[in-house]
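All remarks here apply to the structure that follows.
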Amino acid sequence: MSAVLVRLLVTSSDASLRLETAAQLLQLQGPFTLVVPNVPAGRSVRARLGDHLRAHSLTQLARERLRAGGWRPLKPGERDAFLRRALADTEFQYLTPLMERPSTWSSLSRTLSELLRADVEPQAVLSVAQGAREADVAQAFDAYVATCVRERRFDMSGTEYFARRYALGTPLRALVHGFTHLDASQIAFLGALLAPGSALTLPDPDERRLHETRRTAQAFQAMGFVTEHLPAAPHPAEASTISVHSAPDVESEVRAALRQVRAWLAAGAAPHQLGVVLRDEATYLPALIDVAREYGLPLTGHHQLPLLRTAVGALVWLWLEALEGDWTFSRTRALLTHPLCGLPGGSLEVARRLSPVFPAGLEAWHPDLAWLELPPEESLSGAVGRLERFLHEAGVMERCRTDTALNAHTASLVEALSGAAQDHALRPRQDVTALLRHTLSTHTTPLLLGRGGVRVINPLGLLGCQFQKLWVLGLADGLYPPRVSESPLLDSAVRARWSEAGVLVPDASTSTAVEETIFHGAVLSSAQALVLSSPRRTAQGRALMPSVFLTRLGTLPAWSSGVPLASEGEQLLERALNAGEVPETVRRAAQIEQGRDAGQPSAHHGLLGESLWDPTWTWSASQLHDVGACRFRWFGRKALGLREDADPEAGEDRRVTGTLLHAALEGALRGWTPQDPPALLLERAEAALDRAILRERHAGNFHPGPLFEIERREWGQTVQQALQSPDFLPEGWIPDQSALEGSFDQTLAVGEVVFRLRGVVDRVDHSPVGKLVTDYKVGTYISTVQPDAQEAGKLNLEIQLPLYMRALGAVGGRYFSIEGSNVIGAAGQLNTKRTYDAAEHASALDTFLLGVHQDLEAGQVTPRPDQDGKACGFCTVGPVCRHPGGRA
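The opening position of the sequence shown corresponds to residue 13 in the numbering used here, with each subsequent residue numbered one higher.
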């Protein structure tokens, strides 16, 4: 090998061989600088060549040159604001109507980063751009680069781009090692920086899968680098150091990996010599963290989590949601009852107190919270200041003192907003909140905060590193390699046309080639022992095929699964499944659950063992409907006081509509005389409807939406049709003015059992046959109960009309549908069906009431809905129900 001062390109399949050979050659010529992909690679190389070497990452080297030339880096929180300022005076055509969307800025930011990495000149892009969309991208690139040069600022993606052009400095004699490939800006920077006597190592570019290595080697050869190809060592895939494992699902795969890591540690391996490799962080990191915590296995790594997925990020997001929603009740409740929010008035007790009314606004919760609101126009700096006050007064900053993860995530949030904190221009509030949302969605924070432990690495982090043992997770289709998508601003067809004109910008296919190059050039050669694993299905049950990276390796030996279980929970489960041995506490709990599933009455399944009967209890028809449909539903709603978490913004409650229509019909008959014309009834009904709407709005029960005017006309039409129906007020009937929407409180004796009944009757009429009861229904639904609650039957017994008839001394009753304008059910003398018997109906009611008393006296509230399961369909206590049909 020649010792003449040339620039060498050393290639070999053996990473150790090319490193040691290149280092020996350079040492003959004196000191040199070591350039590596990342800091761990520097440590790995120095461990082999000696600690006397100073290692730089390529980006670090470029950054130092820029700083020496007076350039300053853009912090992560500054880049968005800098980009918007750089493009503020650019006149766009295609992008103009889209610039208010945060996604447009995200796509534009990614595209500009790609152009910087492609090392293209702005004028070259301007010369090949065709059409409005391409012209806008070219102008944006030109404006961004010009602003960076004018203000001497640079971001991560433009480090090598600007260093080569404006801060190259003195050529450097260096050994560049650990890369499988380089992008165009890195190639150009190194080509200009490296002095004679330098060397660059790459994997063997002639290997079939290393497409990007081949492209990189050709680029350096075109710059005059002299290639020294070393004899190929056996490819790791042909050795016995690689094994494969197919797991049923992601969690099983993670458990197998971490059990093996524990076994390696137990065998004496050092933690820093072990690693777990993953490409799909969103799929694997949550499972890794949970299982590692269960195993007591410390993990470390440089993985990032979007701020939005942190607790403090979610809290800020809820603040933005409440701001944009004008502090509606449900959004305000979500913010003030968040576990991190310690503001006054933000308790669950206050939320429950306000729930029946659902008032909007902060004042309903506490009088001193108005400062959380943003004015119609606000600067980003003002919004950030208000947000900082919120985090302080909510107690988040205080909790940061004792919560390491919260402190790290909050610090990342503050840094991400540092650029916005310097922007004092007034903007519409919706623009401010959109920019803050964008920050939460696009900026990240460290996830694994431990300083020591087994490293969790992505494939890019393996460049230049050597481990004793690695486990590579997720080699399944769509996970590794990930699926790539076209850029919305520059698709593959545009890039192909630009390439033909000499402006080379990589497309989506290049991303796949890069993934394959890293896998074959770094992953497969970075450890003495390697396990490659894949799941057969996702956490949601979707089937997964093995990755093409895995299938192309051919048949490999299977991983030996004979490693010990790593947690007490796994050991207990293993003994339970294989030997039937379970702890006594687990056995008792299992028996309870089995009894619940079998419907066996017990203290855990509705058989309370003490009486629930209270003779002073006041019953309503709705309570009796609950207890008659299912005893447990009544027990949960009335005895335990459980109620559904209503969302007043999810659409108006059907009950509110019923209240308004009931009020209209009541008003129509208020002051009625036989001489009243139909027009007068309609006039009174319309006036009563408007009064009811106003009353419900003031009470907070009714929240008019954008379609209110249409709804109001529809309600008026419904009332008019009901009043015009001959069934509404038959001839000879006289409404009792004292009983319109009148309440009653009566006692009903059934044998020796006395029920106290309270209710509101819609209407009582006097007719030739006697007193009659009318109950309005909005639609056609009539509540029914099971006649005999001792065994599951059908919901086929109507009880409200006979109850009201008995309480009021009426001889008949009926249901009138307001929307249908007709009678939909009747009892007593008003039911003229041949199969109907009023005496049987009354007797069935007595039997039902006695059954209720019997069960409550015995403390029997076991979930026992009807045999068709209809009671479960509209049950609001499903989350705490023991019945399979009602269980959440």
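Backbone N, C-alpha and C fix where the C-beta goes; we use that ideal spot for every residue, glycine too.
Cβ distance (whole Å) where residue i is taken to contact residue j below 8 Å
i      : j      : result
Leu214 : Ala186 : With a Cβ gap of about 15 Å, Leu214 and Ala186 do not count as contacting.
Arg818 : Leu862 : That pair is no contact at about 15 Å.
Gly462 : Leu311 : 6 Å
Ala676 : Val731 : 5 Å
Arg66  : Leu46  : 7 Å
Leu86  : Phe166 : 7 Å
Pro500 : Ser119 : 5 Å
Leu347 : Trp331 : 6 Å
Thr23  : His241 : 5 Å
Nearest residue (CA-CA) to residue i, options the options
i      : options                           : result
His436 : Ser391, Gly473 and Glu410         : Ser391
Asp261 : Phe531, Pro547, Tyr827 and Trp83  : Pro547
Arg162 : Glu112, Ser169, Arg84 and Gly209  : Arg84
Phe104 : Arg463, Cys477 and Ala152         : Ala152
Ala432 : Leu769, Leu448, Met409 and Gln603 : Leu448
Leu782 : Thr874, Ala822, Ser545 and Arg564 : Sequence inspection shows Gly at residue 782; the Leu mentioned does not correspond to that position. Nearest C-alpha to Gly782: Ala822.
Glu293 : Glu708, Pro458 and Glu126         : Pro458
Gly209 : Gly236, Asn808 and Ala541         : Gly236
Ala53  : Leu319, Gln285 and Leu297         : Gln285
Gly495 : Ser523, Gln480 and Val506         : Here residue 495 turns out to be Arg, not Gly, going by the sequence shown. Per the Cα distances, Ser523.
His68  : Trp727, Val188, Met557 and Leu319 : Val188
Leu892 : Gln729, Val776 and Arg655         : Note on identity: in this sequence residue 892 is Val, with Leu being the wrong assignment. Comparing Cα positions, the closest option is Arg655.
Tyr816 : Asp787, Leu78, Thr422 and Glu723  : Asp787
Asp702 : Arg441, Thr71 and Glu721          : Glu721
Leu386 : Gln442, Ser424 and Asp148         : Gln442
Ile530 : Thr597, Phe561 and Gln879         : Phe561
Neighbourhood of residue i by C-beta, 8 Å cutoff - its chain only, sequence neighbours within 5 removed
i      : result
Arg97  : Thr159
Ala251 : Only weak support is given to the placement of Ala251: the predicted model assigns it a pLDDT of 44, under 50, and the question is left unresolved by the model.
CB contact flag (residue i, residue j, <8 Å)
i      : j      : result
Asn470 : Arg221 : no
Ala231 : Ala74  : no
Val790 : Gly717 : no
Ile794 : Leu857 : no
Leu297 : Ala323 : no
Ser497 : Pro318 : no
Val575 : Arg271 : yes
Val1   : Val484 : Nothing can be reported for residue 1: it is not among the residues displayed for the chain, which extend from 13 to 900.
Ala372 : Asp415 : no
Glu527 : Pro558 : no
Val238 : Val396 : no
Leu681 : Leu752 : yes
Gly308 : Tyr178 : no
Phe767 : Trp631 : yes
Ser197 : Ser125 : no
Phe860 : Val765 : no
Ala711 : Glu678 : no
Close beta carbons around residue i, own chain, < 6 Å, minus the five adjacent residues each side
i      : result
Ala908 : Coverage of the chain is limited to positions 13 through 900, which leaves residue 908 absent and any answer about it impossible.
Arg267 : Val303
Leu813 : Gly825 and Ala839
Ala704 : Leu672 and Ala675
Leu381 : Leu374
Cutoff 7 Å; reference residue i; Cβ partners in own chain excluding five residues on either side
i      : result
Gly407 : Gly354
Trp625 : His865, Leu868 and Glu869
Gly663 : Unreliable placement is indicated for Gly663, whose pLDDT of 49 sits below 50; the coordinate value is still reported in the next sentence. If we look at Gly663 and ignore the five residues flanking it on each side, it has no Cβ neighbours.
Leu482 : Gly287, Val289, Ser538, Ala539 and Leu542
Ala249 : Unreliable placement is indicated for Ala249, whose pLDDT of 42 sits below 50; the coordinate value is still reported in the next sentence. Taken in chain order, the residues that qualify are Leu536 and Leu565.
Ala900 : Confidence in Ala900 is poor, its pLDDT being 35 and thus under 50, which makes the residue's placement too unreliable to answer from.
Lys882 : Leu807
Leu31  : Val57, Arg60, His189 and Thr213
For residue i: DSSP bridge partner residues
i      : result
Trp483 : Val288 and Val543
Val835 : Phe828
Thr45  : Ala186
Val773 : Gly754
Ile199 : Looking at the DSSP assignment, Ile199 forms no beta bridge with any residue, so it has no partner.
Asp787 : Tyr827
Arg467 : Gly287 and Thr312
Gln872 : Leu619
Phe166 : Pro85
Trp631 : Leu769
Interface flag, residue i vs chain C, CB-CB below 8 Å
i      : result
Ala207 : Absence of chain C from the displayed structure is noted, only one protein chain being present.
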